[in-house]
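J.:
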Amino acid sequence: MLSFPPALQKLIKELSKLPSVGEKTATRLAYHLVANDRDLARSLGEALKVASAQVRLCQRCFFLSEEELCVICRNTNRDHGLLCVVEKPVDLVAIERVGEYKGHYHVLHGLWAPLRGQGPESMRLKELIERVKEHPPREVIVATSATVEGDATALYIGRMLADLGIGATRPAQGIPKGGELEYADDVTLSRAFAARSSLS
Ligand SMILES: [Zn+2]
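So, in structure tokens, the structure goes:
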């Protein structure tokens, strides 16, 4: 790496900070962009600049949006009585892909993971509680992944909501134990949502 020009070294270093990209892959990508596909390098650079400047979090549900409220929160045809809590924006996209759920969402951007030093403050939980206090939904579906941390987070949220008198459920079947929601197929997700059970 020392023999590469400094600008290329810098690019490799930045690329290797991406999730699942090690130094070897970063080197291969950087070399490809700079040596083989300069048009892609330019359009990628432009897309990164525009996306990082324009895409932000929805003020209500914390999904990604270019406006104050995201496309789901702006949709007046969706059911305000249903609120689905997910960990990441990609989980919301996976549920939307199935196309059956017509309620609203709340994206936590984290999980309760005490073993990794992540407490309730590491997710958008305070905002969820404020939101449901202001507009109590009929049902909150806690669709965090079926992992240890996802289950712990769901139980924690279920207890907090029970204290507020709000019913919470969890997609019960289908999502394999230890499975990340974003990788579940459409039929599995659809069944999991149809067969949800109470958390309290
Ligand atoms: Zn939103």
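The numbering of the sequence shown is my numbering, which starts it at 3 and goes up by one. All residues carry an ideal CB built from backbone N, CA and C; glycine is no exception.
#1: What does the alpha-carbon distance come out to for the pair A32 and P7?
#2: Our contact map puts L183 next to V88 with C-beta atoms below 8 angstroms; I'd like the distance itself, whole angstroms only.
#3: Starting from T78, trace the alpha helix (DSSP H) both ways and give me its first and last residue.
#4: Could you tell me the boundaries of the alpha helix (DSSP H) in which E151 lies?
#5: To the nearest angstrom, how far is the alpha carbon of C86 from that of S5?
#6: For ligand 1, I want to know if R62 counts as a neighbour, meaning its beta carbon is within less than 6 angstroms of at least one of the ligand's heavy atoms.
#7: Quick one: give me the first and last residue of the beta strand (DSSP E) that P173 is part of.
#8: Am I right that H156 and L163 are in contact with their C-beta atoms under 8 angstroms? What's the rounded C-beta distance?
#9: Which stretch, first to last residue, makes up the alpha helix (DSSP H) that contains V92?
#10: Can you name, in chain order, every residue of its own chain whose Cβ lies under 7 angstroms from the Cβ of K135, other than the five neighbours on each side?
#11: Compute the Euclidean distance between the alpha carbons of L42 and V150, then round it to the nearest angstrom.
#12: If you scan the region 23-56 from start to end, which runs of the alpha helix (DSSP H) of 4 or more residues do you find wholly inside it?
T.: Judging by the given coordinates:
#1: 12 angstroms
#2: 7 angstroms
#3: No alpha helix (DSSP H) contains T78, which DSSP labels as neither H nor E.
#4: 150-165
#5: 51 angstroms
#6: yes
#7: 170-173
#8: First, the amino acid is wrong: residue 156 is Ala here, not His. With a Cβ gap of about 10 angstroms, A156 and L163 do not count as contacting.
#9: 91-100
#10: L166
#11: 40 angstroms
#12: 25-33, 40-56
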